[in-house]
Amino acid sequence: MDFNDADLRSRYWHTTSHIMAHAVKRLYPETRLGIGPSIDQGFYYDFDHETTFSPDELKNIEQEMKKIIREKLPLERFELPRQEALDLMEEKGEIYKIELIHDLPEDEVISFYRQGDFVDLCSGPHLEHTGQVKAVKLTQAAGAYWRGSEKNKMLQRIYGISFPDRQMLIDYIQQQAEARKRDHNKLGRELGFFTTTDYIGQGLPIMLPKGAKVLQILERFVEDEEEKRGYQLTKTPFLAKSDLYKISGHWQHYQDGMFVMGDPEKEAEEEVLALRPMTCPFQFQAYLQKTRSYRDLPIRYSETSTLFRNESSGEMHGLIRVRQFTISEGHIICTPEHLDKEFSDSLELARFMLKTIGLYEDVSYRFSLWDPKDTDKYIGSAAQWDAAQSAMRRILDHMDLDYTVADGEAAFYGPKLDIQIRNVFGKEDTLITVQIDFQLAERFGMTYTDKEGHKQHPFIIHRTSIGCYERTLALLIEKYAGALPLWMAPEQARVLPISEKHITQAEQLAEKLRQHGLRVTVDQRDEKVGKKIREAQMDKLQYMLILGDQEVEAGTVSVRSRKEGDMGVMPVGDLINRLLRESNERVN
RNA sequence: GCCGCUGUGGCUCAGGGGUAGAGCAAUUCACUCGUAAUGAAUAGGUCGUGAGUUCAAUUCUCACCAGCGGCUCCA
Numbered sequence: 044m045d046f047n048d049a050d051l052r053s054r055y056w057h058t059t060s061h062i063m064a065h066a067v068k069r070l071y072p073e074t075r076l077g078i079g080p081s082i083d084q085g086f087y088y089d090f091d092h093e094t095t096f097s098p099d100e101l102k103n104i105e106q107e108m109k110k111i112i113r114e115k116l117p118l119e120r121f122e123l124p125r126q127e128a129l130d131l132m133e134e135k136g137e138i139y140k141i142e143l144i145h146d147l148p149e150d151e152v153i154s155f156y157r158q159g160d161f162v163d164l165c166s167g168p169h170l171e172h173t174g175q176v177k178a179v180k181l182t183q184a185a186g187a188y189w190r191g192s193e194k195n196k197m198l199q200r201i202y203g204i205s206f207p208d209r210q211m212l213i214d215y216i217q218q219q220a221e222a223r224k225r226d227h228n229k230l231g232r233e234l235g236f237f238t239t240t241d242y243i244g245q246g247l248p249i250m251l252p253k254g255a256k257v258l259q260i261l262e263r264f265v266e267d268e269e270e271k272r273g274y275q276l277t278k279t280p281f282l283a284k285s286d287l288y289k290i291s292g293h294w295q296h297y298q299d300g301m302f303v304m305g306d307p308e309k310e311a312e313e314e315v316l317a318l319r320p321m322t323c324p325f326q327f328q329a330y331l332q333k334t335r336s337y338r339d340l341p342i343r344y345s346e347t348s349t350l351f352r353n354e355s356s357g358e359m360h361g362l363i364r365v366r367q368f369t370i371s372e373g374h375i376i377c378t379p380e381h382l383d384k385e386f387s388d389s390l391e392l393a394r395f396m397l398k399t400i401g402l403y404e405d406v407s408y409r410f411s412l413w414d415p416k417d418t419d420k421y422i423g424s425a426a427q428w429d430a431a432q433s434a435m436r437r438i439l440d441h442m443d444l445d446y447t448v449a450d451g452e453a454a455f456y457g458p459k460l461d462i463q464i465r466n467v468f469g470k471e472d473t474l475i476t477v478q479i480d481f482q483l484a485e486r487f488g489m490t491y492t493d494k495e496g497h498k499q500h501p502f503i504i505h506r507t508s509i510g511c512y513e514r515t516l517a518l519l520i521e522k523y524a525g526a527l528p529l530w531m532a533p534e535q536a537r538v539l540p541i542s543e544k545h546i547t548q549a550e551q552l553a554e555k556l557r558q559h560g561l562r563v564t565v566d567q568r569d570e571k572v573g574k575k576i577r578e579a580q581m582d583k584l585q586y587m588l589i590l591g592d593q594e595v596e597a598g599t600v601s602v603r604s605r606k607e608g609d610m611g612v613m614p615v616g617d618l619i620n621r622l623l624r625e626s627n628e629r630v631n
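For my numbering, add 43 to where a residue sits in the first sequence, where the first one is 1.
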């Protein structure tokens, strides 16, 4: 059995989910079945069950699954005409399956799989018999809405995973434990990058000096790079009157996600302000401050922009989902002729950033379209959406980019190309996004005069280059397990004097390195050098500089690198050159 | 917002209806030390917050707050 084969793996896990459902039905016959697919890593099944399954109950289910596996029950496929299929599910009381059958197209073949006395509506495919599943573990129970809609009932979901042999399961569990050690939310707090407090609140992290330093390094790098690429920096206000958001459509389509100050009911008498959830309308105001010619375009605005979004309580997570964050935001205002180049340049800039920080290999691309069935969520007409989407599709295909298409994931004003990344738990999030907008220029009355002297509405590209800094930092911490590459490390080297009598020289050495712009500290504590090394290692320091009698006398320094260990002594000048080269070349 | 788990000194954790312990960290002292933890002493907590039950609550119940895993939503 080749478990590297994705199809086989998914069949394997899908069959395991049937075994789990079978076990649940044996133990809790009243339970009704939802759906139970295989996923990236394992499988789940949703059950309509009175209470959440406790860890003990999961153990029992696991035991029952082992019995079913030992019974080596064959999985038999059979098909039924629609009415008979409905009758069968009716007889078993499977109301959710009935709903699924009703939603199948008229001409769809309706198939079932049977193992022993358990029958499930399913298109398959499956393994031949339950005995082929060897090592099983149910990993967690969680609530999940029926058909993914919060308007529906919440079912009880059980996640699990299975493998063809015991050792693979042990390895998997081990691997998960290792991954968890990289979790930015744990490591980032331990290493002193950020913290949160009850008094400030959820989703509002405090960036401690170390975290703040990394963000500053990234921000300066991005601002400088964007300036080289023709962007102009703006600094726009963090809040605005509701009037602004009414024009942009945020008031109608995004208000739930905004912090509003004042009472919208009394708007006639009182001022109502809101913190900005996006930068676009602000930079549009900058564009509007004078009349524009086609000769002025493209105009590329960028801003290291702090945004505020009122996320609901259960959605916050470490630095990945927060209520206040800072993004490398920018808007390119251009003519139709510029669109292709500006869009592909924006994407190229984002990919350059990913390469520089070392995440280039870890991302996937998602082309996010609107949902024409849910037009209330969006502004603009179907014709405008078709135009923007087909323009983006044309550019993407021209760039030979490997992407997936996601319906209903667009912004309310236009389609997006999202650069997706997975965190240490395998959960996918958007890191970077580049969007095409054919709508907001018109709403804001943004125009330029074309060659013929006619007023035209420009096209707008909404884009971020490195994404939101907090989220990017979170993924960097996970990628490098806290040991950030030298160029972005908050503390690049630490001088470790052997004893108290070397402290003065240690300070002099550190000062000399600082003169070259290196971020260096001295461990002045009255501790043995072994302990100082151990703690520097745990603090993820890239370089430890040990200074004792020998080095002081010879004018050298003993260098220990995190990666290579003891590197022996070297002249201070050599050390400086080495550190500067590694830092300036942004070696990852 | 929804389903569930968790909350004990700065950190990791033990305990448990009769007002609390360990290791690390911190402070002080001694040692002046050569590549992943020197030793000793001292100090530090109204057990997340607020109600309720009880003679008595950190322990039981409820609510709230915060952290975690999912769902929904999203950069």
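Cβ atoms here follow ideal geometry from the backbone N, Cα and C, with glycine treated the same way.
Residue i in three-state terms, based on DSSP
i	result
Leu123	strand
Cys323	helix
Ala453	coil
Phe395	helix
Ala597	helix
Glu313	coil
Arg465	strand
Met250	strand
Lys498	strand
Pro379	helix
Glu372	strand
Tyr297	coil
Arg624	helix
8 Å contact criterion, which residue i and residue j should meet: CB distance rounded
i	j	result
Pro341	Ile375	5 Å
Met531	Ile479	Going by Cβ atoms, the distance from Met531 to Ile479 rounds to 31 Å, so no, they are not a contact pair.
Lys420	Asp414	7 Å
Gly79	Asp89	7 Å
Gly451	Asp417	7 Å
Arg664	Leu350	Since the first residue shown for the chain is 44 and the last is 631, residue 664 is missing from the structure and cannot be characterised.
Thr507	Ile464	The Cβ separation is near 13 Å, so there is no contact.
Pro458	Lys253	Not confirmed; about 38 Å, so no contact.
Glu485	Thr347	That pair is no contact at about 28 Å.
Lys522	Asp339	Not quite, the Cβ-Cβ distance comes to about 40 Å (not below 8 Å), so this is no contact.
First through last residue of the alpha helix (DSSP H) which encompasses residue i
i	result
Arg200	Note, Arg200: premise wrong, no alpha helix (DSSP H); beta strand (DSSP E) at Met197 to Phe206.
Arg54	Ala49 to Leu70
Met44	Looking at the DSSP string, Met44 is not in any alpha helix (DSSP H), and its letter there is neither H nor E.
Met211	Arg209 to Lys224
Gln548	Ile546 to Gln558
Arg437	Ala425 to Met442
Ser285	Ser285 to Ser291
Arg343	Taken as a continuous stretch (DSSP letters only), Arg343 belongs to no alpha helix (DSSP H), being part of the beta strand (DSSP E) at Ile342 to Phe351.
Sequence-distant residues of the same chain with beta carbon closer than 7 Å to residue i, five excluded per side
i	result
Asp569	Glu543
Arg69	Glu107
Glu137	Arg75 and Leu76
Gln84	Ile204 and Gly469
Arg54	Pro168, His169 and Leu170
Cys511	Phe368, Thr369 and Ile370
Extent of the continuous beta strand (DSSP E) to which residue i belongs
i	result
Gly510	Phe502 to Cys511
His608	With the sequence shown as reference, residue 608 is identified as Gly, and His is not the correct amino acid for it. Gly608 -> beta strand (DSSP E) spans Gly608 to Pro614.
Phe410	Val406 to Ser411
Glu471	Glu471 to Asp480
Gly244	Looking at the DSSP string, Gly244 is not in any beta strand (DSSP E), and its letter there is neither H nor E.
Arg537	Ala536 to Pro540
Asp163	Phe161 to Leu164
Tyr156	Ile153 to Gln158
Gly186	Ala178 to Tyr188
Val565	Val563 to Val565
Sequence-distant residues of the same chain with beta carbon closer than 6 Å to residue i, five excluded per side
i	result
Ile509	Val265, Ser371, Met396 and Thr515
Phe206	Ala178 and Leu212
Glu105	Leu181
For residue i: DSSP bridge partner residues
i	result
Tyr87	Tyr202
Arg603	Met587 and Asp609
Phe237	Met250
Ile82	Gly85
Pro632	A question about residue 632 goes unanswered here, because the residues of the chain that appear run from 44 up to 631.
Val303	Ala317
Cutoff 8 Å; reference residue i; Cβ partners in own chain excluding five residues on either side
i	result
Asp592	Ile541 and His545
Lys632	Here the chain covers residues 44 to 631 and nothing more, so residue 632 does not appear.
Val612	Gln593, Glu594, Ala597, Thr599, Val600, Ser601 and Val602
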